[in-house]
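Here is the structure we will look at, set down as structure tokens.
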Amino acid sequence: MNIRAQIASVFHLDKCIGCHTCSIACKNLWTDRQGAEYMWWNNVETKPGTGYPTKWEDQEQYQGGWERDANDLQLRIGGRGGVLGKIFHNPKLPTMDDYYEPFTFKYGDLTSAPAGNDQPTARPISMVSGKPMKIEAGPNWDDDLSGSKVYAANDPGVVQLSSEEQAQMFAIEKMVMFHLPRICNHCLNAGCVAGCPSGAIYKRGEDGIVLINQDQCRGWRMCVSACPYKKTYYGWNTGKSEKCILCFPRQEAGDAPACFHSCVGRIRYLGVLLYDADRIKDVALREDHELAAAQRAIILDPHDSQVVAAARQSGVAEQVIKAAQRSPVYKFVKEWGIALPLHPEFRTLPMLFYVPPLLPVLSQPNQGTQKLAEDFFTSLEQARLPVQYLAGLFAGGNAEEVKSVYRKLIAVRLQRRQVSVGDLAETEAAKARDVAGVSAAQVEAIYRMTALTRIKERIVVPPMLREQAVEAGMDPEAYKQGMGFGSRRPPKRRW
Amino acid sequence: MTDLILFGVFPYVAVALAVAVGSYRYVIDRYSWSSHSSQFLESRLLFWGSVPWHYAILLILLAHLLAVLFPSGWGVLLGRPVRLYFLEVSGLALGLCTVIAIVLLMARRLTDARLAAVTTKIDWLVLGLLLLQVATGVYIAFTLRWGGVWYVHTATPWLRSLLTFQPEVQYLAVLPTVVKVHAFNAFLLVALLPFSRLVHALSVPLGYLARPYQVVIWYRGKTSL
Ligand code: HEM
Ligand code: SF4
Ligand code: SF4
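Residue numbers (this note's numbering), protein chains in the order written: chain X, 1 to 495; chain D, 1 to 225.
Rendered as structure tokens:
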């Protein structure tokens with residue numbers, strides 16, 4: 001066994017209100033500069049929808065992630081030779097038009113326009129060329145547009161559904177949507193790392209954070225293709241690719257990452273997972289429908305004394321093991337089994353897990369008023385989103401995985417309703433728990449973690465010690481002046 | 001005298017600049033070392049420019065290099081008329097390729113407003129000089145036939161004399177002006193290399209072919225702490 005620690009996350013989608021506060025926190029901190037306008041290291045998508053960049057999930061188009069080749073793994077963009085062969089022009093690279101052209105408005109014209117009969121206007125201009133432009137896309141362009149024939153209907157996950165399932169999602173008065181916040185998954189089998197010809201992208205051994213060494217990046221822009229989640233972004237004016245850094249400077253200071261910290265819905269959980277690095281490839285080679293379970297299986301119990309001993313032997317620091325034992329992510333993913341990886345079939349072993357949204361069932365028109373359906377919150381069959389759609393997102397198409405989560409979430413709701421409203425027989429709640437295979441105590445624990453915990457319980461940042469190690473070798477004054485990304489010059493083209 | 005400066009002194013200045021400034025840039029400002037890909041802003045024309053450009057220029061450079069390093073082998077290779085003819089034709093075709101491609105790359109940067117935002121003066125200078133270089137190259141191939149053969153008896157001894165620090169410029173002095181322009185411009189490009197995006201050509205990522213897919217870096221591996 002080769003045990004490593006990974007900082008992993010859970011996003012609880014039932015709690016996400018789609019406010020984009022996370023996106024703004026990240027933007028203000030890291031990407032508020034020329035060339036990075038379009039980089040939304042954190043973005044919030046509306047599902048069903050085409051996402052950002054448009055149709056990023058469609059790997060026929062973008063060729064991201066891995067595929068199985070005989071009994072080996074190969075990047076979809078090609079083997080090593082294939083990657084180098086495409087270096088002069090990368091045929092699958094998304095271009096700015098797949099995201100949007102950043103724009104601003106000529107506000108000055110509003111005040112400087114000569115007096116006249118017409119209202120002065122502020123024309124939109126491109127933040128790349130400075131020329132007037134027609135705005136055709138922007139961040140969150142399809143926000144809340146479920147039911148759209150342009151966006152939702154072209155969601156790669158929707159296209160795969162049966163026509164009945166599609167009809168269910170697009171029926172008038174039954175239209176449905178939820179929000180999907182996305183950051184880099186800090187994958188165990190990262191596509192971006194594997195695709196980088198320069199070897200500039202790496203995983204930090206101690207905590208699993210995936211970073212791009214800005215000094216080593218040569219702008220070959222292969223990582224953008226190789227990441228199936230499109231979470232590396234090419235800086236068009238610096239010639240360097242950039243991505244979410246899981247706010248390692250904040251974590252090294254003991255703080256939560258900015259998007260986690262600012263999350264209004266408190267949907268974000270962060271903690272350490274211990275896993276067996278020797279089994280990464282085995283897991284990545286499984287069948288699509290087995291991937292979610294296989295990925296769970298690689299995560300080890302930090303309370304098991306054998307695991308702890310092996311972790312020590314592999315060099316995992318004592319404090320990190322302690323942090324793993326308090327990890328809320330471990331609870332969500334392993335203990336309770338209610339968080340699933342996004343698109344495990346891309347085979348990068350993403351380390352960001354989602355509690356799928358248990359959307360309320362319909363209200364029905366009833367003699368001029370709206371009436372909630374009988375089985376409020378309780379029926380899987382009545383789920384407003386086709387389970388198959390969610391299975392396509394979170395389980396490589398395995399609907400059983402999603403149903404298993406839903407049964408537990410339903411059990412939680414019923415038990416809490418019985419406790420707090422009291423209009424339900426205890427036997428009803430017990431029945432739901434039996435079906436789901438959870439105990440009353442577990443249900444209380446899930447409820448507590450979902451609804452009541454404060455930030456220190458939701459976000460358990462392990463002590464990293466790294467800042468001491470860095471500072472020990474550096475002049476503190478010089479270090480303070482340092483720019484982000486380990487370079488002490490502004491990120492601009494100079495030569 | 002001019003010949004001595006242009007072909008006996010300047011090559012050393014150019015290489016010295018390339019090495020000194022290149023090392024400085026690599027050590028002090030490695031962040032700037034990049035291909036500065038512009039595909040994100042414009043992809044379609046880049047395909048028709050960049051792909052033929054690179055494959056053709058790399059093959060041509062390889063031929064130039066081989067003829068300097070292994071002149072006798074090169075002579076044997078071209079000993080048969082068929083092979084000489086083949087090289088002459090393919091060289092010309094590749095040369096034409098580079099000319100068309102670089103014109104396309106320049107046109108692309110001229111016409112696209114987004115690209116204008118990422119195109120610097122030095123980019124234009126490099127593109128212009130590269131055009132001059134491949135255009136004179138093709139002109140020479142057209143007008144002064146069988147370059148594959150006479151190169152070995154003119155350019156090769158000149159370049160080898162530079163390598164041994166005993167520059168013998170007379171090999172070049174007798175050649176037509178267009179060849180002199182081609183030779184001087186080549187070293188001008190060498191001199192410009194460290195000041196421009198051309199540095200990317202020095203970072204050929206061949207190591208990728210051999211490294212494991214995943215890269216994990218441990219802090220403890222780098223420090224005793
Ligand atoms: C094997 C080594 C080389 C590699 C891997 C390489 C790779 C690249 C890449 C990735 C780009 C960016 C294309 C884009 O915009 O996406 C580029 C651009 C360029 N390369 Fe190379 N290159 C190599 C050798 C050369 C050589 C030897 C030359 C010239 C002597 C050259 C001249 C150029 C020029 C002029 C551009 C800019 C084209 C433009 O956008 O206007 N390259 N190269
Ligand atoms: S999500 Fe993409 S960028 Fe992040 S580690 Fe995985 S492959 Fe790399
Ligand atoms: S963890 Fe930090 S860098 Fe990553 S998306 Fe959130 S705020 Fe941005």
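The beta carbon of each residue, even a glycine, is placed where N, CA and C say it ideally should be.
All values derive from a computational prediction rather than experimental measurement.
Touching by the beta-carbon criterion (3+ pairs, under 8 Å), the region 3-11 of chain D and the region 282-293 of chain X: no
9 Å Cβ cutoff met for X:Ile267 and X:Asn42: no
Contact check, D:Phe40 vs X:Trp495, beta carbons under 9 Å: No, Cβ-Cβ distance for D:Phe40 and X:Trp495 is not below 9 Å.
X:Asn140 beta carbon near ligand 3 (any heavy atom closer than 8 Å): Checking every heavy atom of ligand 3 against the Cβ of X:Asn140, none is found closer than 8 Å.
Rounded C-alpha distance that separates X:Glu252 from D:Arg44: Between X:Glu252 and D:Arg44, the C-alpha separation is close to 43 Å.
Separation of X:Ala323 from X:Ala293, as counted between CA atoms: 24 Å
Local conformation of X:Asn28 per DSSP, three classes: helix
Minimum Cβ-Cβ distance from X:Gln214 to chain D less than 9 Å: yes
Within 9 Å, strictly: CB atoms of X:Gln216 and X:Ser198: yes
Assigned secondary structure, D:Leu225 (DSSP; H/G/I helix, E/B strand, else coil): Low local confidence applies: a pLDDT of 30 at D:Leu225 is under 50, so the model's placement there is unreliable, with the coordinate-based value given in what follows. DSSP places D:Leu225 in coil when its eight states are reduced to three.
Rounded C-alpha distance that separates D:Trp74 from X:Leu93: Going from the Cα of D:Trp74 to the Cα of X:Leu93 covers about 40 Å.
Pairwise C-alpha distance: X:Thr238 and X:Pro491: 7 Å
Rounded straight-line distance, which links the Cα of X:His12 to that of X:Tyr330: Whole-angstrom Cα-Cα distance: 14 Å.
Burial state of X:His303, where buried means 16 or more other Cβ atoms lie within 10 Å: exposed
Exposure label - X:Lys456; buried when at least 16 CB within 10 Å: Using a 10 angstroms sphere on the CB of X:Lys456, the tally of other CB atoms stays under 16, which defines it as exposed.
Any non-hydrogen atom of ligand 1 closer than 8 Å to X:Gly219 Cβ: yes
Minimum Cβ-Cβ distance from X:Arg218 to chain D less than 9 Å: yes
Three-state secondary structure (DSSP) of X:Trp66: Residue state, collapsed to three classes: strand.
X:Cys259 beta carbon near ligand 2 (any heavy atom closer than 8 Å): no
Continuous alpha helix (DSSP H) assignments of at least 4 residues falling wholly in the region 202-272 of chain X: 222-226, 248-252, 258-262
Near ligand 1: D:Ala113 beta-carbon under 8 Å from a heavy atom: no
C-alpha distance - X:Leu554 paired with D:Trp146, whole-angstrom precision: Since the first and last residues shown for chain X are 1 and 495, residue 554 of chain X lies out of range.
Which residues DSSP lists as bridging X:Asn43, in chain order: X:Arg182
Amino acids of chain D, ordered along the chain, whose beta-carbon sits closer than 8 Å to that of X:Met96: Phe40, Leu41, Arg114
Test: X:Ala440 CB closer than 9 Å to a CB of chain D: no
Assigned exposure category for X:Ile299 - 16 Cβ within 10 Å defines buried: buried
Interface residues of chain X facing D:Ile217 [CB-CB closer than 7 Å]: Chain-ordered, the chain X residues with CB closer than 7 Å to the CB of D:Ile217 read Tyr202, Arg204, Gly205.
Closer than 8 Å: X:Leu29 CB and nearest ligand 3 heavy atom: yes
Near ligand 5: X:Cys223 beta-carbon under 8 Å from a heavy atom: What this structure holds is ligand 1, ligand 2 and ligand 3, not ligand 5.
Cβ contact check for the region 105-115 of chain D and the region 121-134 of chain X: 3 or more pairs under 8 Å: yes
Cβ-heavy atom distance, X:Gly191 to ligand 2, below 8 Å: yes
Own chain residues within Cβ distance below 7 Å of X:Gln325, not counting five before or after: Pro302, His303
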